[in-house]
Every structure is written in structure tokens, then in C-alpha cells.
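S.K.: Sharing a structure with you now.
Numbering (the working numbering), first residue to last: 274 to 396.
This is how it looks when you write it as C-alpha cells:
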């Protein structure tokens, strides 16, 4: 069985669908491609209202990307306490926060030079 190469747009779309499936909040895409020495091309950031929702978002993203694109994260960090979970898809890194943790770390502020795209959810 050969694995087909997943395009960046397909991966981002699958991740967003996974987040929206369980009503993740404040979805933001940071395009880091124009910034020197970054570890990846995109950050996708969202937040949930509880540990349970954060874990549900992570599970939904994994399921959606696995089902639609036959891809899985290279690494997942932080799932134990579910306050800030990082999902590393190599060129796309997904950050799933609880709201107060997201505000404290202010990833968008740290990467202020990145091109920011906010995703408007329909819920």
C-alpha cells in the first residue's frame, strides 16, 4: 500500500473540520512561511472550554485527518492535563488550549509577524 502525499491545503482543511466537529472556539491560522527560522509553515490555534473539550478537539482532529487523509501526527504533547495540547503534523502544528491558558501564553502575540487568518465558525 503506497501512501499518497497529502497537500498542505488538504491537511489544514482536515484539521479545521476536526476542530469544528466538536465546536472548538476562536480558530486561527498563523502562516509562518515568510518568517525566517521557523519550525513549521503553519500554526493552527483554537481553544476549548474544559479539559474534556480540549481532549475531544484533539481526538476529533486525529480522527478526521486519519479518516480523510490517512495521515497522523508525528507527535502529540500535553494530552495528560489537557490545558495546552500540541499536535505536530511536521509542517503544520496544532495548538489546542483552554481559553485562560491561551490568553496567558498569547501565541499570536509572540508570532506577531505571521499572517493571521481567523476562521468564522457557524455555531
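Every residue, glycine too, gets a C-beta built ideally from N, C-alpha and C.
#1: What residues in its chain sit with their C-beta under 8 Å from that of residue 345, if we drop five residues either side in the sequence?
#2: How would you write the range of the alpha helix (DSSP H) that residue 396 sits in, first residue to last?
#3: Under the three-state reduction of DSSP, which class applies to residue 349: helix, strand or coil?
#4: Quick check on residue 296 - is its C-beta less than 8 Å from some C-beta in chain D?
#5: At the level of alpha carbons, what is the spacing between residue 395 and residue 282?
M.R.: For this structure:
#1: 335, 338 and 339
#2: Unbroken run through residue 396: none, as it is neither H nor E.
#3: strand
#4: Of the protein chains in the structure, only one exists, and it is not chain D.
#5: 20 Å
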